[in-house]
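Colleague:
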Amino acid sequence: MPIETKEEFRPKIVAFCCNWCSYAGADLAGSSRLAYPADVKIIRVPCSCRVNPMFVLRAFEKGADGVILCGCHPGDCHYSTGNYYTRRRMTLLFSMLDYIGVENGRTRVEWVSAAEGVKFSATMNDFVAKIRTLGENVRLEDIRCKKQ
-10 MPIETKEEFR PKIVAFCCNW CSYAGADLAG SSRLAYPADV KIIRVPCSCR VNPMFVLRAF
50 EKGADGVILC GCHPGDCHYS TGNYYTRRRM TLLFSMLDYI GVENGRTRVE WVSAAEGVKF
110 SATMNDFVAK IRTLGENVRL EDIRCKKQ
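Under our numbering, the residue at position 116 of the sequence shown is numbered 105, and the numbers go up by one with no gaps.
1) So, residue 40 versus residue 5, is the Cβ gap smaller than 7 Å?
2) To the nearest whole angstrom, what separates the beta carbons of residue 102 and residue 18, a pair I think is in contact under 8 Å?
3) Return the bridge partner residues of residue 99 from the DSSP annotation.
4) Give me the Cβ distance between residue 3 and residue 48, rounded to the nearest whole Å; I'm assuming they're in contact under 8 Å.
5) Taking all protein chains shown into account, decide if residue -2 is buried (16 or more other Cβ within 10 angstroms of its Cβ) or exposed.
6) Residue 119 lies in the alpha helix (DSSP H); which residues open and close that run?
7) Please report the straight-line C-alpha distance between residue 124 and residue 85, rounded to a whole angstrom.
8) Helix, strand or coil for residue 45 per DSSP?
9) Going by DSSP in three states, residue 39 sits in which element: helix, strand or coil?
10) Under the DSSP definition of a beta bridge, which residues are partnered with residue 4?
11) Pick from 36, 11 and 45: whose alpha carbon is nearest that of residue 112?
12) How many Å lie between residue 163 and residue 73 at the Cα?
13) If I follow the unbroken alpha helix (DSSP H) through residue 12, where does it start and stop?
14) Quick one, which of 57, 68, 127 and 106 has its alpha-carbon nearest residue 89's?
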């Protein structure tokens, strides 16, 4: 009889990063050889306000264990006020996710500039550690996306 080995939980993280600041911060982290988990899948968007709340819900539906949204610092947005819209939109989304029972720590918004590679790396490491403690997301999963 084969011995069953339990694999370590590796969370699937989706990171929406704005092109001008956060994505450049991720690039700086990479070129500075600062480590952050390979479980973080970055999706580059023109601005953080481009992230529709449905994108976050869809990421959870497709099996993400956590979703983080990174954008320019308030007042530094290349599209003037994009991150102010993001902040309001995500506040409403977080209250809706809380209402439907998704744990509070599974979503996060961070402001990371292009010069903050260290902050980007630290933020991703902290977020992945938080998701590991929460475990696998089972609240919004789509059963069709699970491997049988």
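By construction, the Cβ of each residue, glycine as well, lies at the ideal position given by its N, Cα and C atoms.
Computed from a predicted model, the values in this text were never measured in an experiment.
Modeller: Based on what the coordinates show:
1) The residue labelled residue 40 in the question sits at position 51 within the sequence shown. The residue labelled residue 5 in the question sits at position 16 within the sequence shown. Going by C-beta atoms, residue 40 is nearer than 7 Å to residue 5.
2) Counted from its first residue, the sequence shown places residue 102 at position 113. Counted from its first residue, the sequence shown places residue 18 at position 29. Not confirmed; about 12 Å, so no contact.
3) Within the sequence shown, residue 99 is the residue found at index 110, counting from 1. Bridge partners of residue 99: 59.
4) Your numbering for residue 3 matches position 14 in the sequence shown. Your numbering for residue 48 matches position 59 in the sequence shown. Yes, residue 3 and residue 48 are in contact; Cβ-Cβ is about 4 Å, under 8 Å.
5) For this step, residue -2 is matched to residue 9 along the sequence shown. The residue is exposed, with fewer than 16 neighbouring Cβ atoms inside 10 Å.
6) Within the sequence shown, the letter at position 130 stands for residue 119. Here the alpha helix (DSSP H) through residue 119 covers 106 to 123.
7) Counting from one through the sequence shown, the residue named residue 124 turns up at place 135. Counting from one through the sequence shown, the residue named residue 85 turns up at place 96. Using only the alpha carbons, I get a separation of about 21 Å.
8) Taking the sequence shown and counting its residues from 1, the one referred to as residue 45 is at position 56. Correct three-state label for residue 45: helix.
9) As a position in the sequence shown, residue 39 is number 50, starting the count at 1. Residue 39 falls in the helix class under three-state DSSP.
10) Taking the first residue of the sequence shown as position 1, residue 4 is located at position 15. Residue 4 is bridged to 31 and 57.
11) Here residue 112 refers to the residue found at position 123 when the sequence shown is read from its first residue. Residue 112 has its Cα closest to that of 11, out of 36, 11 and 45.
12) As shown, the chain starts at -10 and ends at 137. That puts residue 163 outside it, with no answer to give.
13) As a position in the sequence shown, residue 12 is number 23, starting the count at 1. Residue 12 -> alpha helix (DSSP H) spans 11 to 20.
14) As a first step, residue 89 must be located in the sequence shown, where it is residue number 100. Of 57, 68, 127 and 106, the residue nearest in Cα terms is 127.
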